[in-house]
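Read through the structure below, which is laid out as structure tokens, and then see the notes.
In the numbering used here, the protein residues as written are 4 to 345.
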């Protein structure tokens, strides 16, 4: 067989495999990706609502320009209340950025050390969490500890609102995912433990510390730690496809407006959130997303255009492709912003 013939056969096989793989890709993702790019951000938000999202908020902070707010769909679907760009939203794992900054400040004050181990702070966990004597705070912040993720335990989800009060129990006595610093696995257990370490060191709640050291200095008056602190009518509803329930009343931790998250992310990336000597210590990432039932969020900084983009969407799906769809949408928003600068 000639080399040319071999190349032709391989090319045909590649095409067939590519076509076959599309069978397993949700067509909504293909559609969202290949549609012509809208002329502006609001048109992209409206297009995203057409993909099946109930409501959406976008905040854009371009350096040198006033912040821009966009919204589409519903804040409250049942009562036909339009999406409000100033609504409070459950930011889920974006909260890890605030914890990482708090850890940094305590390290700079020599009240914590990134090189100390989990066992140094909680010796009672030796034998309950594998490798406790070798897992450092740094590896926990960076998800390189190997500690199992309690939200991966199916038993946790049998009653997650109640089980959340004893979440650590769902990560105990399990084999490590890997040796410390020998791999990477995103684990909510890391940050559950880090919050407890903060509280053990300072002697009061980590929420109060974050408020004192981050929220108040940055003037973030629309960031909260619990539904108990807010008027429930100010919170954007959250929906899960296939269920009629509004998940707004479920407790999922931190809430904030898109503007407050954007201001925090700007301060994190330009360094103004840090005191002298802290930014060099900071051990975590500078962008983040969040996902809980009914709520998904993305907060990104794009250095090439010096722009912060925060995207809130109040719809999640059992199929799990909502995260991919959300990423496609925010990537298209960034493309629009870059195109506007050209």
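Beta carbons are placed, not taken as given, at the ideal position from N, Cα and C, and that holds for glycine.
Sorted by chain position, which residues of the same chain lie with C-beta nearer than 7 Å to residue i's C-beta, five sequence neighbours on each side aside?
i           : result
residue 94  : 257, 258, 259, 264, 293, 300
residue 251 : 235, 238, 240, 241
residue 79  : 240
residue 76  : 52, 56, 57, 58, 59, 86
Leaving out five residues on either side along the sequence, give the residues of the same chain with a beta carbon under 8 Å from the beta carbon of residue i.
i           : result
residue 70  : 62, 63, 64, 262, 265
residue 91  : 225, 227, 233, 237, 238, 239, 258, 259, 260
residue 215 : none
residue 205 : 109, 114, 212
Measuring straight from C-alpha to C-alpha, what distance separates residue i and residue j?
i           : j           : result
residue 281 : residue 101 : 14 Å
residue 40  : residue 337 : 11 Å
residue 59  : residue 315 : 6 Å
residue 51  : residue 35  : 8 Å
residue 167 : residue 42  : 43 Å
residue 248 : residue 53  : 21 Å
residue 344 : residue 269 : 19 Å
residue 331 : residue 33  : 10 Å
residue 203 : residue 66  : 39 Å
residue 29  : residue 188 : 26 Å
Taking only three categories from DSSP, how would you classify residue i?
i           : result
residue 244 : coil
residue 257 : coil
residue 334 : helix
residue 3   : Nothing can be reported for residue 3, as the shown portion of the chain is limited to 4 through 345.
residue 217 : helix
residue 303 : strand
residue 206 : coil
residue 250 : helix
residue 264 : helix
Short of 6 Å in beta carbon distance, which residues of its chain neighbour residue i, apart from the five on each side in sequence? Order them along the chain.
i           : result
residue 173 : 153, 156, 159
residue 24  : Residue confidence for residue 24 is low, a pLDDT of 42 falling below 50, so the modelled location carries little weight; the figure read from the coordinates is stated next. Once the five neighbours on either side are set aside, residue 24 has no close Cβ partner at all.
residue 122 : 129, 135, 136
residue 230 : 254
Pop quiz: residue i and residue j are said to be a contact at Cβ under 8 Å. What is the actual Cβ separation, rounded to whole angstroms?
i           : j           : result
residue 355 : residue 289 : Shown here, the chain extends from 4 to 345; a query on residue 355 therefore has no answer.
residue 103 : residue 144 : 6 Å
residue 49  : residue 318 : In fact, because the Cβ distance is near 15 Å, the residues do not count as touching under 8 Å.
residue 303 : residue 312 : 5 Å
residue 117 : residue 139 : 6 Å
residue 183 : residue 147 : 7 Å
residue 291 : residue 99  : 6 Å
residue 284 : residue 107 : 5 Å
residue 297 : residue 243 : 6 Å
residue 267 : residue 221 : 6 Å
For the ligand MN, any of its heavy atoms closer than 7 Å to the Cβ of residue i?
i          : result
residue 83 : The ligand content of the structure shown is nil, which means the ligand MN is not present either.
Please confirm if residue i has its CB atom under 8 Å from at least one CB of chain B.
i           : result
residue 235 : Chain labels in this structure do not include chain B; a single protein chain is all it has.
Quick one: which unbroken beta strand (DSSP E) runs of 3-plus residues sit fully inside the stretch 25-95? Chain order, please.
58-65, 71-79
Pick out the complete alpha helix (DSSP H) segments inside the stretch 103-154, 4 residues or longer, and give them in chain order.
121-124, 140-144
Secondary structure, beta strand (DSSP E): runs of 3+ residues fully inside the stretch 269-316
If we require 3 residues or more, the beta strand (DSSP E) runs fully inside the stretch 269-316 come out as 291-295, 298-305, 310-316.
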